[in-house]
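Residues in the sequence shown are numbered from 1 upward in steps of one, following the numbering used here.
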Amino acid sequence: MTTPFLLHFEDGRTARAVRVDQPGELVAALDGLGLHPPRPVVVVVGGAGGLGPADLDRLRPLFESGLIPVINRLGLVAIDGGTWSGVMRLFGEVRSDADLDFPLVGVAAVGTVTLPGGQPPQEDAAALDPDHSHFLLVPGDEWGAEAGWIARVATVLAGDAPSATVLINGGEIAYSDVERSLAAGRSVLAVAGSGRTADHLAAAIRGDPADERAVALAESDLVQAVPAENPGRLAHTLAAALAEPAHARSGPAAHQPRIPEARSGRGRRHRFRPYP
């Protein structure tokens, strides 16, 4: 069923939500949420539970002065994992503080999150973020089950409109997020200095030793790095990525690097791309 319903949060805020079980239901589900393709899309992936208050304060300008102005100016739909944690919570807070109404869509595996007023489906279930405007609840009861769905939702919603992915910090699941974005032909901007996976990917782009998975992903022409200390550079690079069709930057083979399962290693041969 793709019948939309309202989620009622404790502070009186509401969000529209829909449950999907099959990829073929996504068009109907998005239509039910009032999100009709094609829409330009930015996907934001990255750190969740591994980010503390000091980290979030440090990363806040990336949203306030980097992402949000571009989203608002270009009329983007933003997609992330939708939970009240890490960069997703920060994204929702900044959007709410700025009193903006662009769609912020959380895509979450139903077995990993607690719905407002409901019981947690497992011990480490996360709360949904009340500052998101829409939610798609997808199958899965393990963290990472949402990764493929985030990529699918972005592709279906964008249609022939531009889309891009921004990686801020990130843990193990972020490698899968980036790989799936590249497989869809979506540009990926890794924010260097934001920590963990984003820093590994930025190091690989520079030609420095890095996790083997980051080195493999950095071989794609769709991957570039931007510095965390310069939100304006993020805004400029994101706008440029959305202005240029992916097929104009590289061929299909460059979109789908195979990332090795080894967790670390020194750099393989790849192109060095400095910050734009």
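Ideal Cβ placement from N, Cα and C applies to all residues, glycine included.
Integer-rounded CB distance, given that residue j should sit under 8 angstroms from residue i
| i | j | result |
| --- | --- | --- |
| G46 | A174 | 6 angstroms |
| L104 | V20 | Actually they do not touch by this definition, with Cβ atoms about 18 angstroms apart. |
| A126 | S163 | Actually they do not touch by this definition, with Cβ atoms about 25 angstroms apart. |
Nonlocal neighbours in the same chain, by C-beta distance under 8 angstroms from residue i, ignoring five residues either side
| i | result |
| --- | --- |
| A235 | S65, G66, L67, P69, V70 |
| R180 | A147, G148, I150, A151 |
| L74 | P40, A239, L242 |
| P120 | T114 |
| L6 | T14, A15, R16, A17 |
| A161 | P37, P38, R39, P40, V41 |
Three-state secondary structure assigned by DSSP to residue i
| i | result |
| --- | --- |
| A214 | helix |
| V156 | helix |
| V45 | strand |
| H134 | strand |
| L7 | strand |
| S220 | coil |
| G251 | Note that G251 scores 43 on pLDDT, short of 50, meaning its location in the model is unreliable; the coordinates nonetheless yield the value given after this. If DSSP states are grouped into helix, strand and coil, G251 belongs with coil. |
| H236 | helix |
| V20 | coil |
Cα-Cα separation between residue i and residue j, rounded to whole angstroms
| i | j | result |
| --- | --- | --- |
| W143 | D101 | 28 angstroms |
| V113 | A240 | 35 angstroms |
| A243 | L222 | 13 angstroms |
| D97 | L128 | 18 angstroms |
| L78 | G193 | Here residue 78 turns out to be Ala, not Leu, going by the sequence shown. Straight-line Cα distance between these residues: approximately 22 angstroms. |
| A184 | L217 | 13 angstroms |
| A204 | D211 | 8 angstroms |
| L76 | G50 | 27 angstroms |
| D141 | G52 | 25 angstroms |
| L90 | F63 | 8 angstroms |
Own chain partners of residue i with C-beta closer than 6 angstroms, once the 5 adjacent residues on each side are dropped
| i | result |
| --- | --- |
| H132 | A15, G82, G92, L104, G106 |
| H8 | T14, P116 |
| A202 | A190, A192, A225 |
Other residues of its chain near residue i: CB distance less than 7 angstroms, five sequence neighbours each side excluded
| i | result |
| --- | --- |
| A253 | The predicted model places A253 with a pLDDT of 42, which falls under 50 and marks its position as unreliable; any figure quoted below should be read in that light. Excluding residues within five positions, none has a Cβ falling inside 7 angstroms. |
| P227 | A192, G193, R233, Y275 |
Taking three-plus beta-carbon pairs below 8 angstroms as touching, is the region 21 to 36 in contact with the region 148 to 168?
Cβ pair count under 8 angstroms is three or more, so yes.
Hey, is the region 195 to 215 in contact with the region 165 to 174, meaning 3+ C-beta pairs nearer than 8 angstroms?
yes
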